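Residue numbers (the numbering used here): 97 to 215. C-beta atoms are modelled at their ideal positions from N, C-alpha and C, and glycine is treated no differently. For clarity, every value in this text was computed on a predicted model and none was experimentally measured.
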């Protein structure tokens, strides 16, 4: 298969724009994706509902910290417009390995999980 590359990341961005995905772990693809593709993704995040993301590429982020910084800024902003990371209590416990882990966000979330477990 193709694996992760610029074309696959660009297609993924188009899927993310549909708004149904809010948490995404892209994984570790240090050599297959160019900085240009990551920049396109960063620029597109405001057009998505992505509130949690993980994309591992220490070399790229070290050389281009502005790209990761832009992604993080946009996903923070998205959390103010999409609250599924607080309300989808069945999904959140399975969302791990993100730059921001939804399980650690708020006491409100933790209270919802506790209440659900008691029911």
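Within a Cβ cutoff of 7 Å, which residues of the same chain sit near residue i, ignoring the five residues on either side of it in sequence?
i, result
"residue 151", "122"
"residue 164", "157"
Going by other Cβ atoms of all chains shown within 10 Å of its Cβ, with 16 needed for buried, is residue i buried or exposed?
i, result
"residue 193", "exposed"
"residue 147", "buried"
"residue 133", "buried"
"residue 144", "buried"
"residue 53", "Because residue 53 is not part of the residues shown, which for the chain are 97 to 215, the question remains open."
"residue 173", "exposed"
Tell me whether residue i sits in a helix, a strand or coil according to DSSP, three-state version.
i, result
"residue 137", "helix"
"residue 103", "helix"
"residue 114", "coil"
"residue 169", "helix"
"residue 219", "This structure cannot settle anything about residue 219, because the visible part of the chain is limited to 97 through 215."
"residue 181", "helix"
"residue 129", "coil"
Among the options, which one has its Cα closest to the Cα of residue i?
i, options, result
"residue 218", "104, 131 and 106", "Beyond the ends of the chain as shown, which are 97 and 215, falls residue 218; an answer cannot be given."
"residue 195", "109, 189 and 119", "119"
"residue 179", "117, 113, 163 and 165", "117"
"residue 114", "160, 189, 140 and 129", "140"
"residue 128", "186, 156, 177 and 166", "156"
"residue 166", "112, 183 and 135", "135"
Going by DSSP, name the residue or residues bridged to residue i.
i, result
"residue 152", "124"
"residue 119", "148"
Among the residues of its own chain, which have a CB less than 8 Å from the CB of residue i, if the five just before and after it don't count?
i, result
"residue 142", "170, 173 and 174"
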